[in-house]
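Taking our numbering, the leading residue of the sequence shown gets 1352, the next gets one more, and so forth.
Shown next, in C-alpha cells, is the structure this report addresses.
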Amino acid sequence: MNISLEKKTNVSALLNVEIVAADYQEAVEKSLKTFRKNANVPGFRKGMVPMSLIKKQYGEAAKAEEVNKLLQNKVFEYIRENNVNMLGEPLPSEEQEPVNFAAADDFTFKFDIALAPEFTVGLSAKDKVPYYTIDVTDEMVERQVDAYKQQNGHMEDVKEYEGGNDMIKGILAELDENGSVKEGGIQVEQASVMPTYLKNDEEKAKFNGAKVNDVLIVNPFKAYDGNETELASILKIEKADVANHKGDFSYQIENISRFVASELNQAIFDQVFGEGNVTTEEDFRTKVKEQLAASFVGDSNYKFMVDLRKVLTDKVGKLEFPDALLKRIMLMNNKEKGEEYVNENYDKSIEELTWHLIKEQLVKANNIKVDDKEVNAMAKEATRAQFAQYGMMNVPEDMLENYAKEMLKKEGTVDNLVNRVIENKIAAAAKSQVKLDNKTVTVDEFNKLFEA
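This is how it looks when you write it as C-alpha cells:
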C-alpha cells in the first residue's frame, strides 16, 4: 500500500491511496472462510460448500468490504501519524475514477482534504481587554433577602380583604333572573378567587373591604372577560358550556387568607448558608452580598471571553479557507437542508471555525488539559446554578452528585461541559497575560453591553 499527500493550495490537498491485492487478500480469504463455515446452500451440508462456489457468490462483496475497511483505517492512521491538520472529513475526490471491484485487483483512491490555515496568535500585555464587574447594591441585597423571606412565608387567615395577593374561598351559587338561587343551577363549594387577577375592574371592586361571611353578587363571565378556560375551572364545567352561564352568582365568603412573608430568622440563615454558619442579620446580608457577587462572576467571565474573542479574531484577521471544499463537507453533513442552508450559514460557520482554531492554539500554548474530575465539577456547578434560580442555595452534595451523573450520561451535554471547562481555563490564563481594563457597572449597564 502506498499513501501520499499532494498539496494543491495552502489550504487543500489531494490524498492518494494505492492498494494492491497483497494488501487485502489475506483478509478476504479469512472472510470467505467465515462465509463458507456459516453458509446455508441447498444441496450442501453447512460448512461443506465448495470454496469455488463461495467465491463466485460472495467474492466481490468480500473484496469490496475488506478494501473499504482497510482504506478507512489506513487513511485516518496516515492523517494521525503525519499530523495532517485536517478540517472536517476526507471527501472522495472529484478526480476519483469509478472503482470496479469485479474487474480489478489493484485500486487507486483519491480524497480531497481541507487543511486548516497556518497562523500564529498569542496574548501579551499589549492586548487590552475590558473586564466588567457587576456592582452589588444594597437594594439588590434587600431584594434577595425579601425573596428568601417570601420563600419561607406562609398563608394566614384574616377577616377582611385588603387586595394584593389575598385569596378568598366561598360558596358560589348561580342566581335566576329574580336574584334567587337557581334551581338546578351551578353551586361550587370552596370556590377560590384572587380578586387582584380579575380582568373586569367593576367586578374586582365588589371585593374591596369584603369580610368573612359577607355575601356578594358577582358575575364570573364578566369578571374573567369570558375566558373559557378560567370560567370552566372555577365553575367546574366544560368549556363548551361556559356560554350558558353568563348571569349573576352569589358568593358567600367563608375564608380570606393572606400570604405573610417570614421574619428573618435563624431558620432562614441555616437554610440558605448551612446550619450555624450565619447567626446575625448583619452577617446574613453580608453573605447574601457575597453570594450575589459570586453569581455574577460567570456573567463577567462570559463577557470577558466575548471581548477576548474579538481581540484575537481582529489580530488574526481574515484567514484563508478552502471554501468550496468546506461547503461540500457542510452539505454532506446537512443533506436534508440543502445548498440554500449551506450558503446562508457558511459565513457564520467560518466565524465559529476561526474561533475554534484560535482556541486550539491557546489550549496548546497554555498546556490546558481537562480531566473527568473537572467535567464532573462543572456538571455540579451547572446543577447548583439551576437550583439557585429557584432560591435553593444550600443543596445537599449527594443531590448535586446525582443530578451531575444524569447530565454526564448525555453525550452532547458532556461536550458542552468540556468546552465550558476549557473556556474557563483559557479565561483564567488570559487574565494573567493581557492588560485588563477593569470596569464596575450596574446590572442594567452590563445588560446593555449585549444590545449592540
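Glycine residues also receive a C-beta, built at the ideal position from the N, C-alpha and C atoms.
Since the model is a prediction, treat every value here as computed from it, not as a measurement.
Where residue i falls: helix, strand or coil (DSSP)
{"i": "M1399", "result": "coil"}
{"i": "N1798", "result": "helix"}
{"i": "Q1501", "result": "helix"}
{"i": "G1607", "result": "Sequence inspection shows Ile at residue 1607; the Gly mentioned does not correspond to that position. Here I1607 sits in strand by DSSP."}
{"i": "F1804", "result": "An answer regarding residue 1804 cannot be provided, because it is not within the stretch 1352 to 1803 covered by the chain."}
{"i": "K1381", "result": "helix"}
{"i": "G1439", "result": "strand"}
{"i": "Y1653", "result": "helix"}
{"i": "L1643", "result": "helix"}
{"i": "V1544", "result": "strand"}
{"i": "G1515", "result": "coil"}
{"i": "E1690", "result": "helix"}
{"i": "A1413", "result": "helix"}
{"i": "S1601", "result": "strand"}
{"i": "K1562", "result": "strand"}
{"i": "L1567", "result": "strand"}
{"i": "H1596", "result": "coil"}
{"i": "L1549", "result": "coil"}
{"i": "F1427", "result": "helix"}
Span of the beta strand (DSSP E) around residue i
{"i": "H1505", "result": "1505 to 1509"}
{"i": "A1364", "result": "1363 to 1370"}
{"i": "L1356", "result": "1353 to 1360"}
{"i": "T1734", "result": "Where T1734 is concerned, there is no enclosing beta strand (DSSP E), although the alpha helix (DSSP H) it sits in stretches over 1723 to 1739."}
{"i": "T1459", "result": "1458 to 1466"}
{"i": "I1485", "result": "1479 to 1485"}
8 Å CB neighbourhood of residue i in its chain, flanking five on each side removed
{"i": "M1656", "result": "E1774, I1777, A1778"}
{"i": "T1793", "result": "I1485, D1486, T1488"}
Top-ranked residue by Cα proximity to residue i, from the options
{"i": "L1366", "options": "L1383, E1614, V1435, K1397", "result": "V1435"}
{"i": "D1478", "options": "T1793, N1770, K1782", "result": "K1782"}
{"i": "K1590", "options": "F1572, F1672, T1664, I1604", "result": "F1572"}
{"i": "K1760", "options": "E1796, Y1602, A1467, N1727", "result": "N1727"}
{"i": "Y1602", "options": "A1415, D1795, E1554", "result": "E1554"}
{"i": "K1381", "options": "A1413, G1514, A1645", "result": "A1413"}
{"i": "E1448", "options": "L1442, P1441, T1459", "result": "T1459"}
{"i": "V1509", "options": "A1467, K1461, L1422, S1608", "result": "S1608"}
{"i": "L1438", "options": "T1705, F1738, K1406, D1723", "result": "T1705"}
{"i": "N1694", "options": "R1679, N1753, L1356", "result": "R1679"}
{"i": "Y1483", "options": "A1739, K1688, D1650", "result": "D1650"}
Sequence-distant residues of the same chain with beta carbon closer than 6 Å to residue i, five excluded per side
{"i": "T1764", "result": "M1758"}
{"i": "F1624", "result": "K1638"}
{"i": "Q1538", "result": "A1524"}
{"i": "V1532", "result": "A1524"}
Sequence-distant residues of the same chain with beta carbon closer than 7 Å to residue i, five excluded per side
{"i": "G1504", "result": "F1610, V1611, A1612, S1613"}
{"i": "R1636", "result": "V1492, V1496"}
{"i": "E1581", "result": "Y1575"}
{"i": "V1629", "result": "F1620, F1635, K1638"}
Host alpha helix (DSSP H) of residue i (start-end)
{"i": "P1571", "result": "1571 to 1574"}
{"i": "A1556", "result": "1552 to 1556"}
{"i": "I1619", "result": "1617 to 1624"}
{"i": "D1527", "result": "Unbroken run through D1527: none, as it is neither H nor E."}
{"i": "N1789", "result": "N1789 -> not in any alpha helix (DSSP H); beta strand (DSSP E) instead, spanning 1786 to 1792."}
{"i": "I1719", "result": "I1719 -> no alpha helix (DSSP H), and no H or E assigned at all."}
{"i": "T1580", "result": "1579 to 1586"}
{"i": "E1394", "result": "Checking the sequence, you will find Gly at residue 1394 rather than Glu. Where G1394 is concerned, there is no enclosing alpha helix (DSSP H), given that its DSSP letter is neither H nor E."}
{"i": "T1471", "result": "First-last for T1471: undefined, no H or E at that position."}
{"i": "G1668", "result": "That residue, G1668, is in no alpha helix (DSSP H); it is neither H nor E in DSSP."}
For residue i, the residue or residues it bridges with in DSSP
{"i": "Q1538", "result": "A1524"}
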